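Scroll down for the structure; my scribbles are underneath it.
Okay, structure coming up:
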């Protein structure tokens, strides 16, 4: 495979993993928040309520999705620069604000929407650059 064939393929892989990461992180955070908001016991320094919470299906699903998201982030970092990955994945904060408002009926203030708009603008700016400025990743 030549270098010209590798670069578009790598960029495609980066985008597939990036979207997978963002979807898993958003779904995991939403599920975890939903499960914890509907957990009957308040959390404290005692670890027992946390262990009980892990058996809530929404909490367990959220934890699983976040573990998979971590694995996706590891794969992403093996293909792209840290200075690209972290800002671009910050788009998840925008999605989190939208999901919180839509599914958890949270009140999102104007300041929070402005902050998420700034994050979106930064992520869009970074995503217009090349994912990697270092040499070709090894297999």
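In the working numbering, the protein residues as written are 93 to 231. Each residue gets a CB set at the ideal place from its N, CA and C atoms; glycine is no exception. Bear in mind that the values here come from a model prediction, so they are computed numbers and not experimental data.
Boundaries of the alpha helix (DSSP H) in which residue i is found, first to last residue
i	result
residue 146	140-146
residue 133	Neither: residue 133 is in no alpha helix (DSSP H) and is coded neither H nor E.
residue 149	149-171
residue 210	202-219
residue 196	That residue, residue 196, is in no alpha helix (DSSP H); it is neither H nor E in DSSP.
residue 179	174-181
Contact belief for residue i with residue j at Cβ below 8 Å, rounded distance in angstroms
i	j	result
residue 223	residue 172	4 Å
residue 168	residue 218	Wrong, their Cβ atoms sit about 13 Å apart, outside the cutoff.
residue 116	residue 164	6 Å
residue 119	residue 157	5 Å
residue 195	residue 124	Not confirmed; about 12 Å, so no contact.
residue 214	residue 182	7 Å
residue 185	residue 211	5 Å
Own chain, CB closer than 8 Å to residue i, minus 5 neighbours either side, in chain order
i	result
residue 231	Any reading at residue 231 is ruled out, since the residue's pLDDT is 44, under 50, leaving its predicted position unreliable.
residue 193	199 and 200
Cβ neighbours of residue i in the same chain (closer than 7 Å, five flanking residues each side left out)
i	result
residue 175	none
residue 112	164
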